[in-house]
Amino acid sequence: MNDQIGTTIRAGRISSPDVRQTGLLGQSFAIARRNFIHIKRMPEMLLDVTIQPVMFVLLFAFVFGSSIDIPIEGGYKAFLMAGIMAQTVAFSSFIVAVGLTADLEKGIVDRMRSLPINPAAVLVGRSFSSVAHSSIGLVVMSLTGLTIGWGIHTDVFRAALGYLLLVGWAFAMIWVGIWVGSAMRSVEAVNGVMFATMFPITFLANTFAPTDSMPDWLRTVAEWNPISSLTQAVRVLWGNDMPLHADAELPLRYPVAFTIGWIIVITAVVAPLAIRTFRRRTAD
Amino acid sequence: MTRTHAIEAERLVKRFGDTLAVDDVSFVVPEGSVLGLLGPNGAGKTTTVRMMTTLTRPTSGTARVAGHDVLTEPDAVRRSMGLTGQAATVDELLTGRENLRLIGQLYGLDKSYIARASDDLLERFSLTDAGDRTAKTYSGGMRRRLDLAVSLIATPPVLFLDEPTTGLDPRSRVELWEVLRELVADGTTLLLTTQYLEEADQLADNIVVIDRGTVIAEGTPLQLKDQSGAASLVVTVSRADDLELAEQMLRDHVAEVHADRGARQLTAPAEGVAHMTRIAGIFAESRIELDDIGLKRPSLDDVFLHLTGHRAEDAAADEQIEEAS
Numbered sequence: 000m001n002d003q004i005g006t007t008i009r010a011g012r013i014s015s016p017d018v019r020q021t022g023l024l025g026q027s028f029a030i031a032r033r034n035f036i037h038i039k040r041m042p043e044m045l046l047d048v049t050i051q052p053v054m055f056v057l058l059f060a061f062v063f064g065s066s067i068d069i070p071i072e073g074g075y076k077a078f079l080m081a082g083i084m085a086q087t088v089a090f091s092s093f094i095v096a097v098g099l100t101a102d103l104e105k106g107i108v109d110r111m112r113s114l115p116i117n118p119a120a121v122l123v124g125r126s127f128s129s130v131a132h133s134s135i136g137l138v139v140m141s142l143t144g145l146t147i148g149w150g151i152h153t154d155v156f157r158a159a160l161g162y163l164l165l166v167g168w169a170f171a172m173i174w175v176g177i178w179v180g181s182a183m184r185s186v187e188a189v190n191g192v193m194f195a196t197m198f199p200i201t202f203l204a205n206t207f208a209p210t211d212s213m214p215d216w217l218r219t220v221a222e223w224n225p226i227s228s229l230t231q232a233v234r235v236l237w238g239n240d241m242p243l244h245a246d247a248e249l250p251l252r253y254p255v256a257f258t259i260g261w262i263i264v265i266t267a268v269v270a271p272l273a274i275r276t277f278r279r280r281t282a283d
Numbered sequence: 000m001t002r003t004h005a006i007e008a009e010r011l012v013k014r015f016g017d018t019l020a021v022d023d024v025s026f027v028v029p030e031g032s033v034l035g036l037l038g039p040n041g042a043g044k045t046t047t048v049r050m051m052t053t054l055t056r057p058t059s060g061t062a063r064v065a066g067h068d069v070l071t072e073p074d075a076v077r078r079s080m081g082l083t084g085q086a087a088t089v090d091e092l093l094t095g096r097e098n099l100r101l102i103g104q105l106y107g108l109d110k111s112y113i114a115r116a117s118d119d120l121l122e123r124f125s126l127t128d129a130g131d132r133t134a135k136t137y138s139g140g141m142r143r144r145l146d147l148a149v150s151l152i153a154t155p156p157v158l159f160l161d162e163p164t165t166g167l168d169p170r171s172r173v174e175l176w177e178v179l180r181e182l183v184a185d186g187t188t189l190l191l192t193t194q195y196l197e198e199a200d201q202l203a204d205n206i207v208v209i210d211r212g213t214v215i216a217e218g219t220p221l222q223l224k225d226q227s228g229a230a231s232l233v234v235t236v237s238r239a240d241d242l243e244l245a246e247q248m249l250r251d252h253v254a255e256v257h258a259d260r261g262a263r264q265l266t267a268p269a270e271g272v273a274h275m276t277r278i279a280g281i282f283a284e285s286r287i288e289l290d291d292i293g294l295k296r297p298s299l300d301d302v303f304l305h306l307t308g309h310r311a312e313d314a315a316a317d318e319q320i321e322e323a324s
């Protein structure tokens with residue numbers, strides 16, 4: 000019966016072209032390229048990793064910089080950079096969620112799913128472009144930091160490890176983005192949820208001010224906040240850290256190990272939830 | 000030799016929670032023909048198409064596309080069909096050509112093939128001049144045409160169109176019908192869902208009428224029209240004041256008259272051309288002026304009313320299952 004259909008189709012004027020089997024990687028790159036074209040057409044999409052963090056750097060550095068005394072080279076401005084970068088990669092979940100929700104809403108995801116491709120390509124492609132998006136932010140912020148007196152005071156290996164942890168964090172956050180993006184029905188809802196959660200989480204930490212002077216209970220919460228591990232790890236790796244106070248919590252004492260641990264734990268917990276929510280959203 | 004079917008739906012059922020969106024739907028679409036899946040909003044058309052195109056898993060039952068089972072060979076199904084969804088799913092920030100290239104790449108088509116096929120498709124859909132503009136600048140009709148062109152980049156033998164002309168102005172609609180007729184002439188098998196009875200009448204070889212998740216009728220447009228019975232006699236008077244008098248006069252000659260004051264129209268069961276001519280003569284002798292008198296053949300709208308007991312448009316507010324899916 001299959002043969003018969005094939006013959007009839009060949010006999011008619013329809014001749015289907017050779018469909019090469021592409022792999023997940025090629026498909027994901029094709030989808031990521033589409034997202035890059037979006038950025039090219041709408042450069043304002045990059046505001047969240049360019050103007051916004053630069054504005055934060057300048058605001059915090061010049062508003063708080065004079066009243067917070069950090070005993071390191073470059074002072075508060077140098078201290079601030081790792082915090083701002085950690086916040087920016089945490090916000091990469093935002094980028095994924097907004098993009099995914101928009102594609103789900105507009106039926107683009109369904110269009111992709113009706114093609115003979117690996118169903119994961121939609122998510123992997125989105126992850127690629129999101130990490131690239133965050134990386135642009137890291138470059139812009141590093142350049143901004145250099146002009147206001149921030150610098151890396153260790154070796155190339157540690158400098159690279161710092162950036163690697165930030166990018167790794169962005170990857171873990173992608174799953175949070177996929178989860179929220181699949182669960183929410185509109186871009187507005189995503190914005191609401193993300194602002195209401197990500198802002199307190201990224202502020203209730205050592206990102207913008209040392210935890211030393213916080214009340215005890217708040218200090219404990221802040222130091223166990225995963226974002227604090229990341230920020231502290233980057234500061235230590237880049238030589239922007241200040242001496243720890245005597246009763247600093249465990250995560251601040253072993254920040255690199257904790258950061259790697261958090262990346263693994265967040266991925267292991269959120270990824271299955273994200274995939275399940277995405278499947279449920281799309282398959283029914 | 001057995002007849003080949005490009006699409007077969009076999010007892011498809013889809014349940015969302017407590018709602019039975021599709022309830023035991025079966026039909027076949029012979030190769031190279033056009034099936035119109037006709038029904039109001041919420042009838043289960045979109046859900047049926049989503050099951051047949053591997054987007055939604057049936058609760059029970061199955062479907063085959065070009066001989067491939069949607070449950071066991073979803074990838075083969077996806078390779079043999081194109082889908083144009085209800086909303087035009089083109090990427091607005093990409094140009095027409097970039098939209099075609101993206102989908103072509105995802106199919107794994109070769110670069111030079113994509114370039115050639117894109118040129119052909121853009122020309123065929125009168126989009127050549129707009130090919131390098133972002134889809135955001137396109138009109139509704141152009142978006143639909145691009146959406147359709149994108150579905151055709153890999154020349155699938157089977158094409159699913161979910162309400163392809165919803166929201167289009169009448170001219171764009173007729174243009175799209177023209178394009179679809181060409182595709183069918185080239186041998187493509189088409190399944191299209193529509194709420195427009197006229198559209199099914201214009202394009203489909205066979206119509207399956209679906210309401211509240213079940214098939215309530217099927218046949219050729221002609222067969223369905225026959226089902227709804229006789230034609231009617233329609234008389235339109237020139238002055239609204241005359242309507243009552245005209246109604247009384249008409250009652251002497253036909254069994255049943257329905258008056259529509261707004262349209263200044265009287266409708267009665269027709270009893271043939273001779274009968275109509277006689278009635279026209281009676282009015283000519285009276286002082287009542289007529290705008291029009293004639294026989295109206297039953298439309299598919301009448302068929303729907305006859306089959307379901309409600310007009311196609313009325314059901315729109317009933318259920319919103321399809322939007323929720």
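Protein chains in written order, with numbering that gives the first Met the number 0: chain E, 0 to 283; chain F, 0 to 324. Yeah, the Cβ is synthetic: ideal placement off N, Cα and C, and Gly gets one too. Just so it is clear, the structure is predicted and the values come from calculations on it, not from any experiment.
Taking all protein chains shown into account, decide if residue i is buried (16 or more other Cβ within 10 angstroms of its Cβ) or exposed.
i, result
"residue 216 of chain E", "exposed"
"residue 198 of chain F", "buried"
"residue 255 of chain F", "exposed"
"residue 93 of chain F", "buried"
"residue 314 of chain F", "Any reading at residue 314 of chain F needs caution, since the residue's pLDDT is 44, under 50, leaving its predicted position unreliable; the model's value is listed next. Buried: at least 16 other Cβ atoms inside 10 Å."
"residue 322 of chain F", "Low confidence applies to residue 322 of chain F: its pLDDT is 41, below 50, so where it sits in the model is not reliable enough to give any reading."
"residue 147 of chain F", "buried"
"residue 1 of chain F", "Residue confidence for residue 1 of chain F is low, a pLDDT of 48 falling below 50, so the modelled location carries little weight and cannot support an answer."
"residue 320 of chain F", "At residue 320 of chain F the pLDDT is 40, less than 50, meaning the model places this residue with poor confidence; the figure from the coordinates comes in the next sentence. Looking at its Cβ environment, which holds 16 or more other Cβ atoms inside 10 Å, residue 320 of chain F is buried."
"residue 110 of chain F", "exposed"
"residue 267 of chain E", "exposed"
"residue 9 of chain E", "Its pLDDT being 38, under 50, residue 9 of chain E is placed unreliably in this model, and the coordinates cannot settle the point."
"residue 6 of chain E", "Confidence at residue 6 of chain E is low in this model, with a pLDDT of 35, below 50, so the placement of that residue should be treated as unreliable; the coordinate-derived value is given next. Burial call: exposed."
"residue 200 of chain F", "buried"
"residue 10 of chain F", "exposed"
"residue 250 of chain E", "buried"
"residue 0 of chain E", "Reliability of the predicted coordinates at residue 0 of chain E is poor, the pLDDT of 39 falling under 50, and the value obtained from them is presented with this limitation in mind. Classification of residue 0 of chain E: exposed, given that the 10 Å Cβ count is below 16."
So the alpha helix (DSSP H) residue i belongs to, where does it begin and stop?
i, result
"residue 46 of chain E", "That residue, residue 46 of chain E, is in no alpha helix (DSSP H); it is neither H nor E in DSSP."
"residue 190 of chain E", "186-202"
"residue 39 of chain E", "23-40"
"residue 116 of chain F", "110-123"
"residue 217 of chain F", "Looking at the DSSP string, residue 217 of chain F is not in any alpha helix (DSSP H); the run it does join, the beta strand (DSSP E), is 213-218."
"residue 143 of chain E", "120-146"
"residue 277 of chain E", "254-282"
"residue 276 of chain F", "272-284"
"residue 218 of chain E", "215-223"
"residue 246 of chain F", "242-250"
"residue 155 of chain E", "155-182"
In the DSSP assignment, what are the bridge partners of residue i?
i, result
"residue 129 of chain F", "In DSSP, residue 129 of chain F forms no bridge with anything."
"residue 62 of chain F", "F:8"
"residue 295 of chain F", "F:231"
"residue 192 of chain F", "F:36, F:161"
"residue 68 of chain F", "F:63"
"residue 236 of chain F", "F:289"
Interface residues of chain F around residue i at Cβ under 8 Å?
i, result
"residue 114 of chain E", "77, 102, 105, 106"
"residue 275 of chain E", "Simply none; closest approach about 15 Å."
"residue 231 of chain E", "What residue 231 of chain E touches in chain F: nothing, since even the nearest Cβ is about 39 Å away."
"residue 282 of chain E", "54, 55, 56"
Need the endpoints of the beta strand (DSSP E) that residue i sits in, please.
i, result
"residue 268 of chain F", "264-268"
"residue 257 of chain F", "257-259"
"residue 206 of chain F", "205-210"
Could you work out which residues of chain E lie near residue i, taking near to mean beta carbons separated by less than 9 Å?
i, result
"residue 93 of chain F", "33, 36, 37, 40"
Would you mind telling me which residues of chain F sit closer than 9 Å to residue i, beta carbon to beta carbon, in chain order?
i, result
"residue 107 of chain E", "88, 89, 90"
"residue 21 of chain E", "104, 105, 106, 107"
Could you tell me which chain E residues have their CB closer than 8 Å to the CB of residue i, listed as they occur along the chain?
i, result
"residue 18 of chain F", "Ordered by position in chain E, no residue passes the 8 Å Cβ test against residue 18 of chain F, which lies about 12 Å from the chain."
How would you list, in chain order, the residues of chain E whose beta-carbon sits under 7 Å from the beta-carbon of residue i?
i, result
"residue 82 of chain F", "113"
"residue 112 of chain F", "16"
"residue 74 of chain F", "115"
Please list, in chain order, the chain F residues whose beta carbon lies closer than 7 Å to that of residue i.
i, result
"residue 110 of chain E", "84, 88"
"residue 29 of chain E", "101, 104, 105"
| Uninterrupted beta strand (DSSP E) stretches inside the region 7-60 of chain F (no shorter than 3 residues) | 18-29, 33-37
| said: Restricting to runs no shorter than 3 residues, where is the beta strand (DSSP E) found entirely within the region 71-103 of chain F? | reply: 80-83
| Unbroken beta strand (DSSP E) runs of length 3 or more, entirely within the region 128-170 of chain F: which are they? | 157-161
| In the region 88-120 of chain E, which residue ranges form an unbroken alpha helix (DSSP H) of at least 4 residues, counting only runs that do not cross its ends? | 91-105, 107-112
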